[in-house]
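Numbering (the numbering used here), first residue to last: 11 to 152. Every residue gets a Cβ at the ideal spot worked out from N, C-alpha and C, and that includes glycine. Predicted model only: the values in this text are computed from it and were never measured. Beneath this line is the structure, given in structure tokens, with notes to follow.
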Ligand code: ZN
């Protein structure tokens with residue numbers, strides 16, 4: 011799968027303390043009407059919820075961190091799934107001793123959060139179920 015995009019506007023901002031990372035980003039994407047794009051963020055989290063994909067079992071294993079962490083990195087993309095905007099992002103977080111990371115899920119609570127969302131102009135990126143991986147991936151004809 012390959013497609014070429016023009017760079018659109020770059021949206022920057024903060025999510026408020028106590029808000030949910032995934033839902034907060036999704037609300038911005040919907041409000042701005044973004045169909046395709048890239049997303050990055052750094053900050054701190056009051057708690058984190060992410061997942062590891064077990065490739066053999068083809069299922070996500072959830073990880074819940076109830077502690078405060080630094081959000082070292084959030085990186086992801088925006089496409090469409092079932093006709094709605096969909097954010098696929100991964101996070102890396104750390105405490106004083108360890109680093110953790112995985113597939114971003116609902117349930118990450120913001121302590122501080124600074125984001126960049128880069129809108130992309132081009133063919134609509136659509137996610138569809140992929141038998142081989144068990145994941146919803148970008149369609150090959152996109
Ligand atoms: Zn993922």
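Work out the CA separation of residue j and residue i for me, nearest whole Å.
{"i": "residue 150", "j": "residue 140", "result": "10 Å"}
{"i": "residue 152", "j": "residue 23", "result": "Confidence at residue 152 is low in this model, with a pLDDT of 43, below 50, so the placement of that residue is unreliable and no value is reported for it."}
{"i": "residue 92", "j": "residue 137", "result": "8 Å"}
{"i": "residue 21", "j": "residue 48", "result": "10 Å"}
{"i": "residue 68", "j": "residue 52", "result": "29 Å"}
{"i": "residue 64", "j": "residue 110", "result": "16 Å"}
{"i": "residue 81", "j": "residue 40", "result": "24 Å"}
{"i": "residue 87", "j": "residue 148", "result": "11 Å"}
{"i": "residue 108", "j": "residue 126", "result": "26 Å"}
{"i": "residue 17", "j": "residue 42", "result": "15 Å"}
{"i": "residue 35", "j": "residue 45", "result": "13 Å"}
{"i": "residue 59", "j": "residue 143", "result": "22 Å"}
{"i": "residue 116", "j": "residue 33", "result": "7 Å"}
{"i": "residue 104", "j": "residue 98", "result": "20 Å"}
Using the Cβ count rule (16 or more neighbours within 10 Å means buried), how would you classify residue i?
{"i": "residue 129", "result": "buried"}
{"i": "residue 14", "result": "exposed"}
{"i": "residue 84", "result": "buried"}
{"i": "residue 19", "result": "exposed"}
{"i": "residue 12", "result": "exposed"}
{"i": "residue 72", "result": "exposed"}
{"i": "residue 37", "result": "exposed"}
{"i": "residue 133", "result": "exposed"}
{"i": "residue 94", "result": "exposed"}
Based on the DSSP secondary-structure assignment, which residues constitute the bridge partners of residue i?
{"i": "residue 73", "result": "60"}
{"i": "residue 99", "result": "86"}
{"i": "residue 104", "result": "80, 109"}
{"i": "residue 120", "result": "55"}
{"i": "residue 49", "result": "86, 127"}
{"i": "residue 23", "result": "125"}
On a CA-only basis, which of the options is nearest residue i? Give me that one, please.
{"i": "residue 102", "options": "75, 131, 90", "result": "75"}
{"i": "residue 113", "options": "145, 94, 66, 77", "result": "145"}
{"i": "residue 79", "options": "95, 33, 57, 96", "result": "57"}
{"i": "residue 131", "options": "66, 98, 89, 61", "result": "89"}
Is residue i near the ligand NAP, with its Cβ less than 7 Å from a heavy atom?
{"i": "residue 21", "result": "Among the ligands in the structure shown, the ligand NAP does not appear; only the ligand ZN can be found there."}
Exercise for the section: Spell out a yes or no on whether the stretch 112-122 and the stretch 28-38 are touching, meaning 3 or more CB-CB pairs, one atom from each, closer than 8 Å. Expected result: yes
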